[in-house]
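Undergrad: Respectively, the protein sequence lines represent chains A and B.
Each residue of the first sequence is one higher than the last, beginning at 148 in my numbering.
Each residue of the second sequence is one higher than the last, beginning at 148 in my numbering.
2 protein chains.
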Amino acid sequence: MKRPLREEPESSGARTTVTERAMQRIKDMISDGLLVPGQRLPTEREFAADLGLSRSSMREAIRALTVLGVLEARHGAGVYVTSLEPRDLLDTFGVVAEISRGDTLLHLVQVRKILEPAATATAAARIDDEILTLLRAEMTAMEQGGSAEEIVGHDLEFHRLIVEAAGNPVLSAILDGLSSRTFRARVWRGYRVEGVFERTFQEHDRIYRALAERDPESARTAAAIHVTAVEDWLRTQAEIDEV
Amino acid sequence: MKRPLREEPESSGARTTVTERAMQRIKDMISDGLLVPGQRLPTEREFAADLGLSRSSMREAIRALTVLGVLEARHGAGVYVTSLEPRDLLDTFGVVAEISRGDTLLHLVQVRKILEPAATATAAARIDDEILTLLRAEMTAMEQGGSAEEIVGHDLEFHRLIVEAAGNPVLSAILDGLSSRTFRARVWRGYRVEGVFERTFQEHDRIYRALAERDPESARTAAAIHVTAVEDWLRTQAEIDEV
DNA sequence: TGGCAGAATTGGTAGGACCACCGGCGAACC
DNA sequence: GGTTCGCCGGTGGTCCTACCAATTCTGCCA
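#1: What are the start and end residues of each continuous beta strand (DSSP E) run of 3 or more residues lying completely inside the stretch 211-268 of chain A, in chain order?
#2: Hey, residue 238/A and residue 323/A: beta-carbon distance below 9 Å or not?
#3: Specify the secondary structure class of residue 187/B as computed by DSSP and reduced to three states.
#4: Given a limit of 9 Å on CB to CB distance, which residues of the stretch 292-304 of chain A reach chain B?
#5: With a threshold of 8 Å, are at least 3 pairs of Cβ atoms found where one atom belongs to the stretch 182-192 of chain B and the other to the stretch 223-232 of chain B?
#6: Would residue 254/A pass as an interface residue toward chain B - the criterion being a Cβ-Cβ separation below 9 Å?
#7: Anything in chain A within Cβ reach of residue 265/B, meaning under 8 Å, just list it in chain order.
#8: Where does residue 181/A sit, in a helix, a strand or coil, going by DSSP?
#9: Spell out whether any CB of chain B is found under 9 Å from the CB atom of residue 240/A.
#10: Which residue from 232/A, 244/A, 259/A puts its Cα closest to that of residue 253/B?
#11: Is there contact between the stretch 203-215 of chain A and the stretch 282-289 of chain A, where contact requires at least three CB pairs shorter than 8 Å?
#12: Within 10 Å of its beta-carbon, does residue 186/B have 16 or more other beta-carbons around it, so buried, or fewer, so exposed?
#13: Starting from the C-beta of residue 153/B, find all residues in its chain whose C-beta is less than 8 Å away, skip the five residues before and the five after it, and write them out in chain order.
#14: Suppose you measure from the CA of residue 327/B to the CA of residue 217/A; what does that come to, to the nearest Å?
#15: Using the beta-carbon count (16 or more within 10 Å), is residue 222/B buried or exposed?
#16: Return the first residue and the last residue of the alpha helix (DSSP H) that residue 277/A is part of.
#17: Given a limit of 7 Å on CB to CB distance, which residues of the stretch 189-213 of chain B reach chain A?
#18: Quick check on the burial criterion: 16 or more other C-beta atoms within 10 angstroms. Buried or exposed for residue 213/B?
#19: Nearest CA to the CA of residue 265/A: which residue from 383/A, 382/A, 373/A, 384/A?
#20: CA-CA distance, residue 285/A and residue 172/A?
#21: I need the straight-line Cα distance from residue 255/A to residue 272/A, nearest angstrom please.
#22: I'd like to know if residue 215/A contacts chain B, where contact means its C-beta is closer than 9 Å to some C-beta of that chain.
#23: Examine chain B for any beta-carbon lying closer than 9 Å to the beta-carbon of residue 372/A, and answer yes or no.
#24: Short check: CB of residue 236/A to CB of residue 261/B, under 9 Å?
#25: Between the alpha carbons of residue 332/A and residue 257/A, how many angstroms are there, rounded?
#26: Ordered along the chain, which non-local residues of its own chain (more than five positions away) have a Cβ less than 7 Å from that of residue 148/B?
#27: Round the Cβ separation of residue 308/B and residue 282/B to the nearest angstrom and send it over; I've been treating them as touching at under 8 Å.
Below you can see the structure in the form of structure tokens.
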């Protein structure tokens, strides 16, 4: 029973590491408004002393919150709170797609199959001519070809612009993460399957026309057809290589 | 180990820290199948020596991948690769909701408004009697009341069960993250608005009946109505307190 | 007045020391 | 003979110190 330095029973979750507690304290400071976007934190040495832990542990906490997109460390300048906007916080989403495989990849596309038609429909009601011009340019660039990487880049940008037009940053961030892996796969494998490229372009054209006509339901359908095609493509790829 | 330092100009992104490079190496090992779920990594000291960096930096990399749900460190036992399934990788999603506020909270619910009806519709086509029984139990428990925390817990579980029945782990993980914040807010604020509790129960009942009848479209509609109600509730809360 | 070199500041890396916890082996006990 | 318990090596967790590298500030000099 001789507990040397028993933690206070106040927070029952005493069974945790100091680094985790530090992360929680920092997150709480943000939730409570003590730390606001763009604000600079105390230096690592100072902050560690304030919270009563070593610089090493504090660094681990800061590193963890950095990869989560909450903090940003600038060498020689200090540690800052990010904008805390979805695009900062959700880029870890891409990590999931990066190391997923097998059925999980199909599940990722299936979620995209839900989100992308809805996003495209919303975009149809809000899109302006400027974005439409950009979309047209991406389509042209993609049609004219180039390296596989360039083509996929234009493909990616085409969809990104549309989703962005829907006006929901959370939605944009999620779909970015969901799509990245699929597109990366295309870079590596190319559009090997017969006629995939032509079909993709036709589908893009159909989406574009629906958007230009500000027709949400047509846009939804066109997007659904497109993502379903991507899903089918992914299935064939899964059969080709056992990974 | 021919090159102790001096990054190759090949990878233009040489402007990076050793910790980040270590994270990338580990992720690559997983992508390449050198590390599989459940496998144990070398000890921190050993692994650091292998990759040519200090234990401090290696620990930061491991800590970062731990919060991302990729690795799991067991004190005294070693570091292991997680199952790498969506529920492990996407619980960082909750962090986003945890520190978001203002418009971002609305954007979160709006994404949920897209996903949840789709998930509920899918569930209607796949759900079995066992799950329906569980849902019934949650509804009863919620109706009988208790602390705010308990009620919200049953509310949360009700939705979780439905989404799980849709059979897409990625979808489940995303919706878990999206919902957690809203429900936590409910715990704190209670169901203060007049009649919210009764209306919630009626909506749940409607969802339940649609599922029991295996009617996807009714289920979709019922879920949409429900989430929209949540969205409205959130708007009123946003007006009450300026946070 | 303006620009530039050096100093001070601050994050990044390294390495060592010690503590807390896990797991297995073997002695001790029933 | 079987079970229990304690010891001990291994491993992650924490702290510390020193030094490197990027940034920012300061103040001198032209």
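Where is the CB? At the ideal position from N, CA and C, for every residue including glycine.
TA: Looking at the atomic coordinates:
#1: 218-221, 225-228
#2: In this structure, residue 323/A lies closer than 9 Å to residue 238/A by Cβ.
#3: strand
#4: Residues passing the 9 Å Cβ filter: none.
#5: yes
#6: Cβ-Cβ to chain B under 9 Å: yes for residue 254/A.
#7: 261
#8: coil
#9: Residue contact check for residue 240/A against chain B: a CB pair falls below 9 Å.
#10: 232/A
#11: no
#12: exposed
#13: At residue 153/B the pLDDT is 36, less than 50, meaning the model places this residue with poor confidence and gives no usable figure here.
#14: In a straight line, the C-alpha of residue 327/B is about 18 Å away from that of residue 217/A.
#15: exposed
#16: 276-291
#17: 203, 206, 207, 210, 211
#18: buried
#19: 373/A
#20: 45 Å
#21: Cα to Cα, residue 255/A sits roughly 26 Å from residue 272/A.
#22: yes
#23: no
#24: no
#25: 16 Å
#26: With a pLDDT of only 34 at residue 148/B, under 50, the local geometry of the prediction cannot be trusted, and the value read off the model is given with reservation. So the qualifying residues of the chain are 199.
#27: 6 Å
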